[in-house]
Each structure stands twice: as C-alpha cells, then as structure tokens.
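Trainee:
In this note's numbering, the protein residues as written are 3 to 150.
Structure follows, in structure tokens:
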C-alpha cells in the first residue's frame with residue numbers, strides 16, 4: 003500500500019497515493035406510483051427502492067505513483083461478473099455500504115512515456131447495488147434487509 007486507505011472495493015484499496023479517487027457520487031431511486039382517485043388529486047403509493055448507483059471518479063499517474071494494477075483488477079472483476087463489497091473509512095470509523103456489481107469502467111489515458119505507459123489515466127467506475135432477494139429472498143428478506 004502506498005498510503006492510508008480511504009475506501010475499498012473488494013480487495014482493491016483506494017489510497018492517498020497510487021490508486022486514489024477524487025469524488026464519489028451516489029444515486030438512489032425510490033419511486034412513488036400515482037393512484038387515481040375520484041374527484042381528488044392522485045394519491046401516491048411508495049413502491050420501494052429500485053436501484054442504488056455509485057460512481058467513483060479518479061485520476062491515476064501510473065508512471066510516477068502506480069495504481070494501474072488495481073484498476074486492471076477491478077476491470078477483471080467486472081469482466082468475470084464478480085460482485086464486490088464497498089467499504090469506506092478506517093478500521094475505527096469504517097462504513098460497509100454493501101455489495102455492488104461493476105456496471106462500467108471508463109478510462110481516459112494520456113501523456114504517454116516513450117515506453118507507452120500513460121502518465122495520466124482519468125477513470126470512472128460505475129457500481130450498482132447487488133441484491134440477492136429477487137433470486138429467492140423469501141418472506142423475511144425485506145425485514146432482514148433493514149438490518150443489513
């Protein structure tokens with residue numbers, strides 16, 4: 003490791019130097035359905051959460067600080083369809099965000115050395131919350147998910 007770990011996606015640690023990140027965006031969708039009512043405004047009924055997406059943006063400087071191996075590992079996990087646990091913080095104040103699937107990885111490599119190594123690689127990783135409840139969650143899954 004090159005520095006303190008601020009976040010990890012499975013075994014891949016985002017560090018202060020090397021494989022770092024600049025920002026994290028989160029999008030949670032919790033739709034409400036309109037229910038028609040006679041002589042009144044439509045009522046709304048909550049249908050429950052549908053998706054949670056997280057996007058991690060960062061810049062690597064592989065020639066100077068490394069980090070490309072970790073990004074390549076995340077791409078390999080995406081190509082193999084492996085869900086990974088997302089965790090942020092440290093050992094004392096850490097937060098487990100849950101299991102996510104890798105939806106996409108975008109890279110923008112530039113400023114190449116004479117050996118073809120990029121000096122700069124801007125990247126974006128898009129994750130989507132992984133839920134096993136649809137594949138046989140059972141009666142108590144919604145209740146248990148409140149505590150997980």
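Backbone N, C-alpha and C fix where the C-beta goes; we use that ideal spot for every residue, glycine too. In this text, all values refer to a predicted model and were calculated from it rather than measured experimentally.
#1: Expressed to the nearest angstrom, what Euclidean distance is found between the alpha-carbon atoms of residue 97 and residue 87?
#2: Please go through the segment 6-71 and give each complete alpha helix (DSSP H) segment of 4 or more residues, from N-terminal end onward.
#3: On the criterion of 16 or more Cβ atoms from any shown chain inside 10 Å, does residue 114 qualify as buried, or is it exposed?
#4: Just mark residue 128 as buried or exposed, buried being the case when its beta carbon has 16 or more other beta carbons within 10 Å.
#5: Roughly how many whole angstroms lie between the Cα atoms of residue 31 and residue 107?
#6: Can you check whether the CB of residue 62 is closer than 8 Å to the CB of residue 16?
#7: Buried or exposed: which applies to residue 70, given that a residue is buried once 16 or more other Cβ atoms fall within 10 Å of its Cβ?
#8: Given this structure, state the Cα-to-Cα distance separating residue 68 from residue 82, to the nearest angstrom.
#9: So which of 65, 119 and 33 has the shortest CA-CA distance to residue 1?
#10: Looking at the structure shown, is residue 100 part of a helix, part of a strand, or coil, going by DSSP?
#11: Using the three-state DSSP reduction, which class does residue 73 fall into: helix, strand or coil?
#12: So residue 60 and residue 23 are in contact, right, with Cβ under 8 Å, and what is the actual spacing, rounded?
Mentor: If we stick to the structure as given:
#1: By one-based count along the chain shown, residue 97 stands at place 95. By one-based count along the chain shown, residue 87 stands at place 85. Using only the alpha carbons, I get a separation of about 11 Å.
#2: 64-67
#3: The residue labelled residue 114 in the question sits at position 112 within the chain shown. So residue 114 counts as exposed.
#4: Locating residue 128 in the chain shown gives position 126, counting from the first residue. Under this definition residue 128 is a buried residue.
#5: Position 29 of the chain shown, counted from the start, is the residue given in the question as residue 31. Position 105 of the chain shown, counted from the start, is the residue given in the question as residue 107. Computed Cα separation, rounded: 22 Å.
#6: Start at 1 with the first residue of the chain shown, and residue 16 comes out as number 14. Start at 1 with the first residue of the chain shown, and residue 62 comes out as number 60. In this structure, residue 62 does not lie closer than 8 Å to residue 16 by Cβ.
#7: The residue labelled residue 70 in the question sits at position 68 within the chain shown. With 16 or more other Cβ atoms within 10 Å, it is buried.
#8: Numbered from 1 along the chain shown, position 66 holds the residue referred to as residue 68. Numbered from 1 along the chain shown, position 80 holds the residue referred to as residue 82. The alpha-carbon atoms of residue 68 and residue 82 are separated by roughly 24 Å.
#9: There is no way to answer for residue 1, as the model of the chain reaches only from 3 to 150.
#10: The residue given as residue 100 occupies position 98 in the chain shown. Strand at residue 100.
#11: Sequence index remark: in the chain shown, residue 73 carries index 71 (1-based). Of the three classes helix, strand and coil, the one that applies to residue 73 here is helix, per DSSP.
#12: Looking up residue 60 in the chain shown gives position 58. Looking up residue 23 in the chain shown gives position 21. So it is a contact: roughly 4 Å between Cβ atoms.
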